[in-house]
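To start, the structure itself, in structure tokens.
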Amino acid sequence: MNARSIVALAILAGLALLASSSLYIVNETQRAIRLKFGEVVETDIQPGIHIKVPVYNTVRLFDTRLQTLDGTPSRYLTGDRKGVIVDSFVQWKIVDVTRYYEATAGDEQVSMRLIAPRVDESLRNEFGRRTLGEIVSEQRDELMSRPIEELNEAMRESMGVAILDIRVKQIDLPSEVSNSVYERMRTERQREAREYRAQGKEQSERIRAAVDRGREVILATAERDADILRGEGDAEATAIYAKAYNQDRELYSFLRSMEAYRSSFNNKQDILVVSPKSDFFRYLDNSKGSK
């Protein structure tokens with residue numbers, strides 16, 4: 000290999016090194032800024048292949064995907080001065096790379112240290128506005144809506160990051176207040192149970208009284224109808240008897256006397272002291288009852 004070949008290869012190697020130092024790639028999940036001796040000269044560089052001046056320019060890449068900061072459990076005071084232990088996490092992402100770089104120098108650990116206290120302060124204020132009963136009963140999404148909105152606006156302005164969500168994983172009561180809270184809840188539930196039982200008993204008595212009243216009305220109506228039917232039956236029977244009696248009075252008297260004889264002499268030990276000429280015996284000697 001002669002000297003010309005060596006020089007040509009050296010030139011080609013130098014050009015390749017210069018080209019590789021002048022080109023940089025920004026991925027779909029990234030945004031970039033270009034610096035000139037530490038000063039930002041181009042911001043929010045979009046994905047693709049870009050050119051820079053070696054040594055003269057420096058490029059910083061930032062991950063703009065959704066990121067999660069898992070906080071440590073903290074103790075907050077509620078609006079009714081009850082302590083609660085809250086375990087939460089926050090989801091955030093970079094929306095302004097220039098402002099993010101100026102606030103954190105591109106260091107993710109610095110950004111975590113800046114975001115965590117602001118989230119803690121926002122949650123502390125929100126829990127301080129609400130009572131323990133409201134915190135337990137309300138939906139978590141509703142509870143976090145105000146902190147997300149307020150913190151998102153403030154962090155976009157100061158750090159160039161968007162706070163997309165704050166989630167409460169768990170809310171616990173400190174051990175010193177758990178027993179008193181549970182006892183109060185138990186007492187409240189027992190009071191409600193007594194009220195429900197009293198209401199049920201009252202309703203039961205009303206139903207029983209209504210049923211008894213209805214029963215008495217039905218019985219009285221039935222007895223009245225029965226008396227009417229018996230009266231009508233007796234009247235009809237009397238009318239039939241009277242009609243039959245008027246058709247043959249002698250036969251009717253005879254049958255009545257026979258019935259009286261049967262009743263009077265039903266038992267052999269019965270003794271009847273009556274004059275033989277009494278009207279009672281008028282049909283014993285004469286079937287026509289004539290004397």
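Counting in numbering that gives the first Met the number 0, the final residue of the sequence shown is number 290, and the numbers go up one at a time with none missing. Quick reminder that beta carbons are idealized off the backbone N, C-alpha and C, glycines included.
In the structure shown, what three-state DSSP assignment does G105 receive? Your numbering for residue 105 matches position 106 in the sequence shown. Correct three-state label for G105: coil.
DSSP three-state assignment for L163, whether helix, strand or coil: Counted from its first residue, the sequence shown places residue 163 at position 164. Three-state DSSP puts L163 in a strand.
Does the contact criterion of 3 or more C-beta pairs under 8 Å hold for the segment 40-49 versus the segment 81-93? no
DSSP three-state label for T67, please. Here residue 67 refers to the residue found at position 68 when the sequence shown is read from its first residue. Here T67 sits in strand by DSSP.
As a quick exercise: from G213, I134, T42, pick the residue whose alpha carbon is nearest that of Y75. As a working mapping, residue 75 is identified with position 76 in the sequence shown. Of G213, I134, T42, the residue nearest in Cα terms is I134.
Collapsed DSSP secondary structure at D224 in the structure displayed: Position 225 of the sequence shown, counted from the first residue, corresponds to residue 224. D224 falls in the helix class under three-state DSSP.
Thinking C-alpha only, which one of A243, Q246, S144 is nearest I162? Within the sequence shown, numbered from 1, the residue matching residue 162 stands at position 163. Cα-wise, what sits closest to I162 is S144.
Three-pair Cβ contact test at 8 Å for the segment 30-45 versus the segment 58-77: yes
Boundaries (first-last residue) of the alpha helix (DSSP H) holding V135: Stepping through the sequence shown from its first residue, residue 135 is reached at position 136. That run of the alpha helix (DSSP H) goes 131-136.
Exposed or buried, K51, counting other C-beta atoms within 10 Å across all chains shown (16 or more means buried)? For the purposes of this step, residue 51 is taken as residue 52 along the sequence shown, with counting starting at 1. So K51 counts as buried.
Scan the segment 75-130 and note each continuous beta strand (DSSP E) run of 3 residues or more that stays entirely inside, going in chain order. 82-93
What are the partner residues of E141, as DSSP defines its beta bridges? On the sequence shown, position 142 is the one that residue 141 refers to. Paired residue(s): none; E141 is not in a bridge.
Contact between the segment 188-195 and the segment 105-115: three or more CB pairs below 8 Å? no
Backbone secondary structure at P53 - three-state DSSP: In the sequence shown, residue 53 corresponds to position 54, counting from 1. Reduced to three states, the DSSP call for P53 is coil.
Mapping DSSP to helix, strand and coil, what is G37? One-based indexing of the sequence shown puts residue 37 at position 38. In the structure shown, G37 sits in coil (DSSP, three-state: anything other than H, G, I, E or B).
Residue range of the unbroken beta strand (DSSP E) whose run includes L22: Within the sequence shown, numbered from 1, the residue matching residue 22 stands at position 23. Its beta strand (DSSP E) spans residues 22-25.
Just the Cα atoms here: how many angstroms apart are S174 and T186? Translated into positions along the sequence shown, residue 174 becomes position 175. Translated into positions along the sequence shown, residue 186 becomes position 187. Using only the alpha carbons, I get a separation of about 19 Å.
Under 9 Å between the Cβ atoms of R155 and F88? Locating residue 155 in the sequence shown gives position 156, counting from the first residue. Locating residue 88 in the sequence shown gives position 89, counting from the first residue. Not in contact: R155 and F88 (Cβ atoms no closer than 9 Å).
For M184, count neighbouring Cβ atoms within 10 angstroms of its own Cβ and tell me buried if that reaches 16, exposed if not. Position 185 of the sequence shown, counted from the start, is the residue given in the question as residue 184. With fewer than 16 Cβ atoms within 10 Å of its Cβ, M184 is classed as exposed.
Can you tell me the Cα-Cα spacing of A238 and D224, whole angstroms? Locating residue 238 in the sequence shown gives position 239, where the first residue counts as 1. Locating residue 224 in the sequence shown gives position 225, where the first residue counts as 1. Distance between the alpha carbons of A238 and D224 is about 21 Å.
Rounded separation between G105 and T130 - CA only: Your numbering for residue 105 matches position 106 in the sequence shown. Your numbering for residue 130 matches position 131 in the sequence shown. G105 and T130: Cα-Cα distance of roughly 40 Å.
Alpha carbon to alpha carbon, how far is R205 from E120? Give it in angstroms, no decimals. The residue labelled residue 120 in the question sits at position 121 within the sequence shown. The residue labelled residue 205 in the question sits at position 206 within the sequence shown. Approximately 57 Å between the Cα atoms of the pair.
Sort out for me which residues DSSP pairs A31 with in a bridge. In the sequence shown, residue 31 corresponds to position 32, counting from 1. For A31, which the question treats as bridged, DSSP gives the partners I44, L60.
Since I159 contacts R117 with CB under 8 Å, what's their CB separation in whole angstroms? The residue labelled residue 159 in the question sits at position 160 within the sequence shown. The residue labelled residue 117 in the question sits at position 118 within the sequence shown. Reading the sequence as shown, one finds Gly at residue 159 and not Ile. So it is not a contact: roughly 14 Å between Cβ atoms.
Given A102, which residues of its chain have a CB within under 6 Å of its CB, disregarding the five upstream and five downstream residues? As a first step, residue 102 is located in the sequence shown; it is residue number 103 there, counting from the start. Here the set comprises M158.
Name the DSSP beta bridge partners of D171, please? Within the sequence shown, the letter at position 172 stands for residue 171. Answer is I84, bridged to D171.
Which runs of the beta strand (DSSP E) fall wholly inside the segment 179-249 and span at least 3 residues, in chain order? none
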